[in-house]
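These protein sequences, in sequence, are chains A and B.
Once you know that position 25 of the first sequence is 25 in our numbering, the rest is easy, because the numbers rise by one and skip nothing.
Take any residue in the second sequence, note its place counting from 1, add 71, and you have its number in our numbering.
Have a look at the structure below before the remarks.
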Amino acid sequence: MSGEGIYSARTAALRWFAAGWSYLRTVSGDNAYERYLAHHATAHAGEPPMSRKDYFTEMQRRKWSGVSRCC
Amino acid sequence: MNKLFGILLAVIGGFALGGIALYRAEPINSMWIVVASVCVYLLGYRFYAAWIASKVYLVDPTRATPAERLNNGRDFVPTQRWVAFGHHFAAIAGPGPLVGPTLAAQFGYLPGTLWIIIGSVLGGCVQDMTMLMLSMRRDGRSLGQMARDELGPVGGFAALIGTLMIMIILIAVLGLVVVNAMKHSPWATSTVFATIPVAILVGFYMRSLRPGRVLEASAIGVALIALSVFGGGWIDQQPTLRAMFDYPGVSLAGFVIVYGWLAAILPVWLLLAPRDYLSTFLKLGTVFLLAIAILLMHPQIKMPAMTQFVDGTGPLFTGKVFPFVFITIACGAVSGFHALISSGTTPKLISNERDVRLIGYGSMALESLVAIMAIIAATLLDPGVYFAINVGGGIVGATPDAAVHTITGWGFPVTTDQMAKLAHDMGETTLFARTGGAPSLAVGMASIFGSTFGRGLLSVWYHFAIMFEAVFILTTIDAGTRVGRFMLQDLLGHISAPLGRTSWYPSVIISSTLIVAGWGYFLYIGVIDPNGGINILWPLFGISNQMLAAIALSVSTAIIIKTANKKAYAWVTGAPLAWLATVTTVAAWQKVMSVDPKLGFFAGADDMAAKLAAGALSADKAAVAPQLIFNQRLDGWLTVLFTIILWFVILDMSRVCLRRLRGASVLKSSEAPYQPTKLEPIPVAAGLHGVAQAGH
Numbered sequence: 001m002s003g004e005g006i007y008s009a010r011t012a013a014l015r016w017f018a019a020g021w022s023y024l025r026t027v028s029g030d031n032a033y034e035r036y037l038a039h040h041a042t043a044h045a046g047e048p049p050m051s052r053k054d055y056f057t058e059m060q061r062r063k064w065s066g067v068s069r070c071c
Numbered sequence: 072m073n074k075l076f077g078i079l080l081a082v083i084g085g086f087a088l089g090g091i092a093l094y095r096a097e098p099i100n101s102m103w104i105v106v107a108s109v110c111v112y113l114l115g116y117r118f119y120a121a122w123i124a125s126k127v128y129l130v131d132p133t134r135a136t137p138a139e140r141l142n143n144g145r146d147f148v149p150t151q152r153w154v155a156f157g158h159h160f161a162a163i164a165g166p167g168p169l170v171g172p173t174l175a176a177q178f179g180y181l182p183g184t185l186w187i188i189i190g191s192v193l194g195g196c197v198q199d200m201t202m203l204m205l206s207m208r209r210d211g212r213s214l215g216q217m218a219r220d221e222l223g224p225v226g227g228f229a230a231l232i233g234t235l236m237i238m239i240i241l242i243a244v245l246g247l248v249v250v251n252a253m254k255h256s257p258w259a260t261s262t263v264f265a266t267i268p269v270a271i272l273v274g275f276y277m278r279s280l281r282p283g284r285v286l287e288a289s290a291i292g293v294a295l296i297a298l299s300v301f302g303g304g305w306i307d308q309q310p311t312l313r314a315m316f317d318y319p320g321v322s323l324a325g326f327v328i329v330y331g332w333l334a335a336i337l338p339v340w341l342l343l344a345p346r347d348y349l350s351t352f353l354k355l356g357t358v359f360l361l362a363i364a365i366l367l368m369h370p371q372i373k374m375p376a377m378t379q380f381v382d383g384t385g386p387l388f389t390g391k392v393f394p395f396v397f398i399t400i401a402c403g404a405v406s407g408f409h410a411l412i413s414s415g416t417t418p419k420l421i422s423n424e425r426d427v428r429l430i431g432y433g434s435m436a437l438e439s440l441v442a443i444m445a446i447i448a449a450t451l452l453d454p455g456v457y458f459a460i461n462v463g464g465g466i467v468g469a470t471p472d473a474a475v476h477t478i479t480g481w482g483f484p485v486t487t488d489q490m491a492k493l494a495h496d497m498g499e500t501t502l503f504a505r506t507g508g509a510p511s512l513a514v515g516m517a518s519i520f521g522s523t524f525g526r527g528l529l530s531v532w533y534h535f536a537i538m539f540e541a542v543f544i545l546t547t548i549d550a551g552t553r554v555g556r557f558m559l560q561d562l563l564g565h566i567s568a569p570l571g572r573t574s575w576y577p578s579v580i581i582s583s584t585l586i587v588a589g590w591g592y593f594l595y596i597g598v599i600d601p602n603g604g605i606n607i608l609w610p611l612f613g614i615s616n617q618m619l620a621a622i623a624l625s626v627s628t629a630i631i632i633k634t635a636n637k638k639a640y641a642w643v644t645g646a647p648l649a650w651l652a653t654v655t656t657v658a659a660w661q662k663v664m665s666v667d668p669k670l671g672f673f674a675g676a677d678d679m680a681a682k683l684a685a686g687a688l689s690a691d692k693a694a695v696a697p698q699l700i701f702n703q704r705l706d707g708w709l710t711v712l713f714t715i716i717l718w719f720v721i722l723d724m725s726r727v728c729l730r731r732l733r734g735a736s737v738l739k740s741s742e743a744p745y746q747p748t749k750l751e752p753i754p755v756a757a758g759l760h761g762v763a764q765a766g767h
């Protein structure tokens, strides 16, 4: 196999891994605060955003005030 | 190409189903069942769901969703479809699809398997997708609000009461499953107890130490829980420690009740939220592992296709295959509870109407596959072993000798040696009469995992499976008690305004106590019942869950009649509604009217009362008889109430539909008006990039 082939296979693998990792962070809420900051910067530019801790507390409170788990 | 794929699926699926049909007389391999079900799900998804989406609901990719229109970066957030799918699946997948199929295996593998496949493709998946679609078109309104908006106050109130009742029964029955799994098992009890401090630790980590680092904290928590499974094994070897975790059912029920009460009033970050992260990762991981193990090992199914118990004489619960297989398996085929999830959090995440098919229909199809795996895990056991584990001592006899004699007499040979060896392999003192479904599922899972990943660890696999079920049952107990509390506070708010304030502590304490007392009562009765309690409580749960599904389908049918451009399409939800109304009503009728004391609630109460009066009961049975008699009558009246609520909603729905068809005025559809979307499709690896695009 040529060096180029190995290189592109590794790039593809890394890209897959990055996509998987990004998916896991998004679906679990691990990067929720970063996403909130991004949203805040576009939607409410100028206002100070919530701190990481406040945002997380608020997110949990909201999540568990309705039906969010089933049998 | 798509057509070719469809034809290929149909051929493979037909072949597998044909295989199941032809192998009826001899043991069948579980691969046939897996292949047949996956093909049917894919066909249903590719053709039926696509047809419903485009023809009945006129899915319009150019229409802006509430997530886009109302985007607030919090609950309304346009979300990449696979992320929303992950959220929705994690929310709907609970312990229900593991327990129901295990119990229904008493009829043989065929009735349950067919109902899981057909019920989900034509019923459950359709219900979930419909609710998601309708709620999304109505800015994410809940089932109760939609019932009120589209049918009127009667429908809305029925939906609210129905939801509250099902919550109480559901928590009680799941509590009973977990208590029966821990009863006199120090290993299981210590492992399950250990998950509480682990959850609290994870809660502190996520709140104070490293705020919001969900993955780190969960990884630490899952590792600690895995360690606690081994730790439980070690405790089981120490005579003094062992005794500290050896409890009878009543004490364990007390623990669960106190735990549920505390979890409902404590702040969510401390116990509920971290426990949910752990249980979600464990659940998805274990289900994935189970799927791999079944594929690698493809075990033989040892249960016959149909047992003699289809005639209604079943030992796990009494009642003929019709209607009771359809009541016993609710989650996994059709689950009314899903309507609450599909009309709550999820519709606010959908970025494009096109995604409704994947998220609504697809998630339910996957949940149905989990139910299929549960039925495989139950039916790969020797039938004799399955019955010995799952039938209470009150039915087969209290001693092992009596139990194996009775069960062998049914034509399912089993010996005390075989059971003793099995219990020893699994690290338990006995596996007789471990009702509730969890232990037999754990034995099934341990044998699959053991043969795939190493037999030496059978007892560890068994307790891992018990712990895994217990962890997410406890999550459901926490979350359910909390939601019940909010609903009750909402109701009480109509009587006195301060009671309706969800953060006022006296109201929190009063409403939490009422909810916990409600399910705690049924749990306690289930624990003292010598027949195991599941045989009474599970049918009640099934009836209430199917009632909720019927309410959701009634609302859906009324909306289709009101808004669809072809009224005839109402059969899409009308047909599953008719089926559910039939099975629920027939089952309720039999549970109320039957003169067979094993089947009818009132007949059972009268029979026990007569025996008590005649002094025909043993001393320990006589001691609990008055409570059991009262409980059976209460269950009878509850069943009557469920049926009345069900028919109220159906009649209300028929009234609305008839008025609409005659051209009379009906409540205006509450659908939000069309606005064009400006959203770009969100790429798969949507981290910051996708959301930045989605921002308004």
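All C-beta atoms, glycine included, are put in the ideal place defined by N, C-alpha and C.
- Take the alpha-carbon of residue 473 (chain B) and the one of residue 717 (chain B): they are about 43 Å apart.
- Boundaries of the alpha helix (DSSP H) harbouring residue 392 (chain B): 392 to 399, taken from the DSSP string.
- In the displayed model, residue 710 (chain B) falls within a helix according to three-state DSSP.
- Excluding the 5 residues flanking it on each side, residue 237 (chain B) has same chain C-beta neighbours closer than 8 Å at 407, 408, 612, 615, 616, 618, 619, in chain order.
- As computed with DSSP, residue 257 (chain B) is found in no beta bridge at all.
- Cβ atoms of residue 263 (chain B) and residue 538 (chain B) come within 8 Å of each other, at about 6 Å.
- About 5 Å separates the beta carbons of residue 372 (chain B) and residue 180 (chain B), which is inside the 8 Å limit, making them a contact pair.
- Counted as a single uninterrupted DSSP element, the alpha helix (DSSP H) harbouring residue 616 (chain B) occupies residues 605 to 634.
- The three-state reading of DSSP puts residue 99 (chain B) in strand, counting E and B together.
- If only complete runs of 4 or more residues are kept, the region 430 to 487 of chain B shows the alpha helix (DSSP H) at 434 to 450, 454 to 461, 464 to 467, 471 to 480, in order along the chain.
- In the same chain as residue 278 (chain B), and ignoring 5 residues on each side of it, the C-beta atoms closer than 7 Å to its own belong to 340, in chain order.
- A straight line joining the alpha-carbon of residue 555 (chain B) with that of residue 334 (chain B) spans about 13 Å.
- Contact between residue 520 (chain B) and residue 532 (chain B) holds: CB atoms are separated by about 4 Å, below the 8 Å threshold.
- When C-alpha distances from residue 530 (chain B) are compared across B:230, B:256, B:122, the shortest belongs to B:256.
- Only buried fits residue 159 (chain B), as 16 or more other CB atoms lie within 10 angstroms of its CB.
- The beta carbons of residue 518 (chain B) and residue 451 (chain B) sit about 7 Å from each other, so the pair counts as a contact at 8 Å.
- Nearest in C-alpha terms to residue 274 (chain B), of all of B:344, B:316, B:301, is B:344.
- Taking 7 Å as the threshold, the shortest C-beta distance from residue 264 (chain B) to chain A does not fall below it.
- For residue 220 (chain B), the uninterrupted alpha helix (DSSP H) run begins and ends at 214 to 221, by DSSP.
- Residue pairing by DSSP puts residue 421 (chain B) in a beta bridge opposite B:150.
- For residue 134 (chain B), the pairing in a beta bridge is given by DSSP as B:747.
- Looking at the DSSP output, residue 371 (chain B) sits in a beta bridge with B:100.
- Think of a sphere of 7 Å around the beta carbon of residue 547 (chain B): the chain A residues whose beta carbon falls inside it are 69, 71, in chain order.
- At a cut-off of 7 Å between C-beta atoms, residue 610 (chain B) does not count as an interface residue with respect to chain A.
- Note on geometry: alpha-carbon atoms of residue 24 (chain A) and residue 674 (chain B) lie some 54 Å from one another.
- Counting every other CB atom within 10 Å of its CB across the protein chains shown gives residue 148 (chain B) a total of 16 or more, marking it as buried.
- Between the C-alpha atoms of residue 463 (chain B) and residue 646 (chain B) there is a straight-line separation of about 37 Å.
- Annotation for residue 577 (chain B): the continuous alpha helix (DSSP H) segment containing it runs 576 to 599.
- Apart from the 5 residues on each side of it in sequence, residue 104 (chain B) sits with its Cβ closer than 7 Å to the Cβ of 91, 184, 443, 447 in its chain, given in chain order.
- Residue 575 (chain B) and residue 60 (chain A) have their C-alpha atoms some 19 Å from each other.
- Secondary structure note for residue 313 (chain B): its alpha helix (DSSP H) is the uninterrupted segment 310 to 315.
- Per the C-alpha coordinates, the member of B:272, B:307, B:282, B:308 positioned closest to residue 292 (chain B) is B:272.
- Residues of chain A with a Cβ closer than 9 Å to the Cβ of residue 416 (chain B) are, in chain order, 63, 66, 67, 68.
- Residue 162 (chain B) belongs to the set of residues whose beta carbon lies under 7 Å from a beta carbon in chain A.
- Put simply, the region 36 to 51 of chain A does not touch the region 127 to 138 of chain B. Fewer than three CB pairs are less than 8 Å apart.
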